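Chains as they are written, first to last, in my numbering: chain P, 4 to 207; chain W, 4 to 207; chain Z, 4 to 207.
Read the structure below first, then the notes.
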Amino acid sequence: MWHYTISMIGTAVFAITGVLALRRDGIDVFGALVLGIVTALGGGTVRDLIIDAPVFWIGDFNYVWVAAGSALMTFFIARPFESTQTLLLYLDGFGAALFAIAATDKVLGLGFAAPVAVMLGVWTSIGGGIARDVLAGRPNLLRSREIYATPILLGCALYILLRAFWPGAQWTGTAALFFIFAFRALVIHRGLQMPAVLSTHRPS
Amino acid sequence: MWHYTISMIGTAVFAITGVLALRRDGIDVFGALVLGIVTALGGGTVRDLIIDAPVFWIGDFNYVWVAAGSALMTFFIARPFESTQTLLLYLDGFGAALFAIAATDKVLGLGFAAPVAVMLGVWTSIGGGIARDVLAGRPNLLRSREIYATPILLGCALYILLRAFWPGAQWTGTAALFFIFAFRALVIHRGLQMPAVLSTHRPS
Amino acid sequence: MWHYTISMIGTAVFAITGVLALRRDGIDVFGALVLGIVTALGGGTVRDLIIDAPVFWIGDFNYVWVAAGSALMTFFIARPFESTQTLLLYLDGFGAALFAIAATDKVLGLGFAAPVAVMLGVWTSIGGGIARDVLAGRPNLLRSREIYATPILLGCALYILLRAFWPGAQWTGTAALFFIFAFRALVIHRGLQMPAVLSTHRPS
């Protein structure tokens, strides 16, 4: 239940932020629909293909309805959201945290080893946004200076660690989720960038 | 048989239009071969991975031979086609209609629900061209103002509707195919664009 | 054993060249990690999805460790490699040959027909680099004038031919590998380009 609820919230958040990211550049309703769905469901689809699980939205089409509805709603009534770019960054950080922990949880639950779960947790969280940017011809986070994926990677590893010490405890997921969101919120609030030693970008 | 024949014709058409789209920008024979095959088989490959069906061209390599042969032929003797850009747009619209209905038919036949079939029907039809454009570094239809995917989406939904009322009737597929092609031909002929209310592109 | 060793060497080589290709443009440690892994494992992952085999690095996570370790090492201590661009081109040619023959071997071993094996052998060899370039927003080899994939395609076909005449002989793989590498080395050494009849690029 916890898993299902946070997955649905994450799906809506990602579809909304996905469409908002593109709306300003010019897009039509079909493009918004497809790219919103890709942002929300793309990462998890690839994850399921890789672990050879049934693709999650085939078995439960509610994911697609939520993604499609959120994308269309955002397309038509986006004006209120557009003045709130900062709020959206936080929302996106929250969605990313939800997806990462839900995916790590799912992969572990299917009996895969911890490193596989961390890798696919991170991928599920960032893959949809990367796929959207590739399809939309925009630069994606892999070439960006922003600290986006590092909190997710550390949070998924932390979740594995907490589960090892307190197996079965519900709070471990919430704690890891909070860790990712707090780290990401700090990055957004302070405008943090990767330290120079961890980047080959020219200082800006 | 109907399904097989239209799939093969669609494969050849997509490989031809795929290579023609790139030929002018400069490409070598290997690039033409790969991108022609991707245009023709890319959408259906992803569809089969998602529904966990055996990838169609693994079981019947004729698809690859037809795509490869059409791509190579177009690469070497394209001059006659190049003066006929408009004809090609119509051909491409016809190929898209064929692929959409054949895919919707296949997914329904495997027992999936109607919304899954519509979604994957549209994807099969547009996915190959999108993959080609991403690999070739060109803008793809998701950011375009052209009305390309809307007729396909409506046609797949119409096909579902007709099948619900006349189950098993062969003409339902032909009717939906004709609907998509006629709508798309109208768009090409009149140069129609998305109405402003369905687009955030600046008016041009 | 032969298969395993050459796959691991190829993985390390591809992760190194993958990161080096991007390091100069500016990238941070996470981007380098992801793109190094994609370069090394991307082609084989898609191959395994298409033939419906378990994804190779899920069952043996050493592939990921080798790719991740090589990518990180290259990110942090790349200076020695950067003065050796030419050496890297040769190394990459060697990695491509390793991957192509190992993949052709794997696909044949699973009972698929020779054309499927050649197609997926070529794909495994070039797919990771193409995926890296798409994700990094760089032009990829499909639009390049360089002779990159042709030696691979011919080498995989040669391997099939040699195996047909001398089934079970170990030297056939080595011979095909040597053929690909020698052809590619000649291309690098002489700066060969596709003959004009096989290309629509303007002469440069």
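Here a beta-carbon is modelled for each residue, glycine too, at the ideal position from N, C-alpha and C.
Since this is a predicted model, take the numbers as computed values, not measurements.
TODO: Provide the residue(s) that pair with W/Q88 in DSSP beta bridges, ordered along the chain.
DONE: Along the second sequence, read from residue 1 onward, the residue named residue 88 of chain W stands at position 85. W/Q88 is not bridged to any residue.
Open item on the list: Give me the residue from P/L92, P/I61, P/G131 with the minimum Cα distance to W/A120.
Closed with: Sequence index remark: in the second sequence, residue 120 of chain W carries index 117 (1-based). When each option's Cα is compared against that of W/A120, the closest is P/I61.
Task: C-alpha distance - Z/A56 paired with Z/V49, whole-angstrom precision - done: Here residue 56 of chain Z refers to the residue found at position 53 of the third sequence. Here residue 49 of chain Z refers to the residue found at position 46 of the third sequence. Going from the Cα of Z/A56 to the Cα of Z/V49 covers about 10 Å.
- [ ] State the DSSP-derived secondary structure class of Z/S147, mapped to helix, strand or coil.
- [x] Position 144 of the third sequence holds residue 147 of chain Z. In the structure shown, Z/S147 sits in coil (DSSP, three-state: anything other than H, G, I, E or B).
Task: Spatial neighbours of P/A70 in its chain, beta-carbon cut-off 7 Å, leaving aside the 5 residues before and after - done: By one-based count along the first sequence, residue 70 of chain P stands at place 67. Answer for P/A70: T14, A18, G39, I40, A43, L44, listed in chain order.
Open item on the list: What would DSSP say about Z/D2, mapped onto helix, strand or coil?
Closed with: A question about residue 2 of chain Z goes unanswered here, because the residues of chain Z that appear run from 4 up to 207.
Open item on the list: Under DSSP, the alpha helix (DSSP H) around Z/V190 begins and ends at which residues?
Closed with: On the third sequence, position 187 is the one that residue 190 of chain Z refers to. Per DSSP, Z/V190 belongs to the alpha helix (DSSP H) from 174-193.
Task: Host alpha helix (DSSP H) of Z/R141 (start-end) - done: Numbered from 1 along the third sequence, position 138 holds the residue referred to as residue 141 of chain Z. Counting along the chain, Z/R141 falls outside any alpha helix (DSSP H), and DSSP gives it neither H nor E.
Task: Straight-line Cα distance separating W/L165 from W/G21 - done: Mapped onto the second sequence, residue 21 of chain W falls at position 18. Mapped onto the second sequence, residue 165 of chain W falls at position 162. For W/G21 and W/L165, the distance between alpha carbons rounds to 31 Å.
- [ ] Please work out which residues of its chain come closer than 6 Å, Cβ to Cβ, to W/R187, disregarding the five sequence neighbours upstream and downstream, and give them in chain order.
- [x] The residue you call residue 187 of chain W lines up with position 184 of the second sequence. Answer for W/R187: G96, P154, listed in chain order.
TODO: Could you check how far apart the C-beta atoms of Z/S2 and Z/G46 are, in whole angstroms? I think they sit under 8 Å.
DONE: This structure gives no information on residue 2 of chain Z, because the portion of chain Z shown stretches from 4 to 207.
Open item on the list: Using the Cβ count rule (16 or more neighbours within 10 Å means buried), how would you classify W/N65?
Closed with: Taking the second sequence and counting its residues from 1, the one referred to as residue 65 of chain W is at position 62. So W/N65 counts as exposed.
Task: Enclosing alpha helix (DSSP H) for Z/F78 [first to last residue] - done: Along the third sequence, one-based indexing puts residue 78 of chain Z at 75. Taken as a continuous stretch (DSSP letters only), the alpha helix (DSSP H) holding Z/F78 covers 65-79.
Task: Distance between P/P198 and W/L123 (C-alpha atoms, nearest Å) - done: The sequence position of residue 123 of chain W within the second sequence is 120, counting from 1. The sequence position of residue 198 of chain P within the first sequence is 195, counting from 1. Rounded to the nearest angstrom, the two C-alpha atoms are 44 Å apart.
Task: Opening and closing residue of the alpha helix (DSSP H) in which W/P154 lies - done: Counting from 1 along the second sequence, the entry for residue 154 of chain W is found at position 151. It spans 152-168 - the alpha helix (DSSP H) in which W/P154 sits, taken as one unbroken run.
Open item on the list: Which residue wins for smallest C-alpha separation from Z/V16, given the options Z/L52, Z/M76, Z/R27, Z/D31?
Closed with: Locating residue 16 of chain Z in the third sequence gives position 13, counting from the first residue. The shortest C-alpha separation from Z/V16 is found at Z/M76.
Task: Start and end residues, alpha helix (DSSP H) containing Z/R50 - done: Numbered from 1 along the third sequence, position 47 holds the residue referred to as residue 50 of chain Z. Unbroken alpha helix (DSSP H) run through Z/R50: 32-53.
Open item on the list: Give me the DSSP bridge partner(s) of Z/S202.
Closed with: Here residue 202 of chain Z corresponds to residue number 199 of the third sequence, with the count starting at 1. Note: Z/S202 sits in a beta bridge opposite W/D31.
Open item on the list: Below 8 Å, how does it come out for the stretch 25-39 of chain Z and the stretch 176-193 of chain P: are there three or more Cβ pairs, yes or no?
Closed with: no
Task: C-beta neighbour in chain Z for W/T48, strict 8 Å - done: By 1-based counting over the second sequence, the position of residue 48 of chain W is 45. It does; some Cβ of chain Z falls within 8 Å.
Task: Rounded straight-line distance, which links the Cα of Z/G171 to that of W/G98 - done: As a first step, residue 98 of chain W must be located in the second sequence, where it is residue number 95. As a first step, residue 171 of chain Z must be located in the third sequence, where it is residue number 168. The straight-line gap from Cα to Cα measures roughly 44 Å.
- [ ] Label Z/T107 either buried or exposed according to how many other C-beta atoms from any shown protein chain fall within 10 Å of its C-beta, with 16 as the threshold for buried.
- [x] The count along the third sequence starts at 1 and reaches residue 107 of chain Z at position 104. Per the 10 Å Cβ criterion, buried.
TODO: Leaving aside the five residues before and after W/I163 along the sequence, list all residues of the same chain whose C-beta is less than 8 Å from its C-beta, in chain order.
DONE: Start at 1 with the first residue of the second sequence, and residue 163 of chain W comes out as number 160. Once the five neighbours on either side are set aside, the close Cβ partners of W/I163 are T107, L111, A117, A120, V121.
TODO: Look at the alpha carbon of P/A178 and the alpha carbon of P/S10, and state the distance between them as a whole number of angstroms.
DONE: Locating residue 178 of chain P in the first sequence gives position 175, where the first residue counts as 1. Locating residue 10 of chain P in the first sequence gives position 7, where the first residue counts as 1. Answer to the nearest angstrom: the Cα atoms are 17 Å apart.
Open item on the list: For P/L180, which residues in the same chain have their Cβ closer than 6 Å to its Cβ, ignoring the five residues on either side in sequence?
Closed with: On the first sequence, residue 180 of chain P is found 177 positions in, with the first residue counted as 1. These residues qualify, in order along the chain: A100, I104.
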